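To start, the structure itself, in structure tokens.
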Amino acid sequence: MASGMQLTSNNMPAEPPLTLLMTYAPSSSSRSSMALMSRALSLASSGSHVLYIASSASDLEKVPGVVALAQSQQNFSANHDVLERIHVKYCPQQGDLQKIAAALHMMNTQQPIRHILVDNLHACVLGRAPAGSNNSNMQRDVALFKAVALLRDAASHMRASLIATHCTQNEGTAAGPIENGFSKRVVIA
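Here is the structure:
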């Protein structure tokens, strides 16, 4: 058994924690996308298979360096191996993330997915619905909770870690103002 691995009372490996990375910045800044893609590349470089979920291909193309890395001629085989371990799914329509989460256990990969990264959870759950759509705040919150529950269940079944970012354009939250303009990280066991 690997050192540092936690065991539950029935000697099963403990589930990895769910990490929600709450970024308080305009979603167009791509700050959370850069951090998440950097994490995906780091995990894939270490040999892990990663599932990266984004709301659209155009969101991923905005991340500086991703396209350049994919097109790089230098170290092509090394980059290719790393990029092959990053599986990308898009969920542009409302409900697509729930469908992906419900079917994750059937995903056909050479090696099991060990990390699930969701870029901008809000956009993935609600799709590209306009801000003034008919969804009430309560309906949006319920959709977010359902998506997180499905993702957590899938991650638990796959024994994978789950990291999700949530972008907002607000200058603060009900809990208070943003601290130094940086993200808050919340770990839910």
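All residue numbers for the sequence shown refer to the working numbering, where the first residue is 33 and numbers rise by one. Note that CB positions come from ideal geometry on N, CA and C, so glycine has one too. Computed from a predicted model, the values in this text were never measured in an experiment.
- Nearest C-alpha to L182 among D173, M139, I132, R172: I132.
- In this structure, the straight-line span from the alpha carbon of V180 to that of S74 is close to 24 Å.
- N152 sits buried, since 16 or more C-beta atoms from the chains shown fall within 10 Å of its C-beta.
- For H137, there is no enclosing alpha helix (DSSP H), as DSSP marks it with neither H nor E.
- Contact check for A187 and V150: beta-carbon distance about 10 Å, past the 8 Å limit, so the pair fails to qualify.
- Counting other Cβ atoms within 10 Å of its Cβ, A134 stays below 16 and is therefore classed as exposed.
- By the neighbour-count criterion, in which 16 or more other beta carbons inside 10 Å mark a residue as buried, M190 falls on the buried side.
- Spanning the alpha carbons of P144 and H81 requires a straight line of approximately 7 Å.
- DSSP, read as helix, strand or coil, puts A192 in coil.
- Here M69 is buried. Its C-beta has 16 or more other C-beta atoms within 10 Å.
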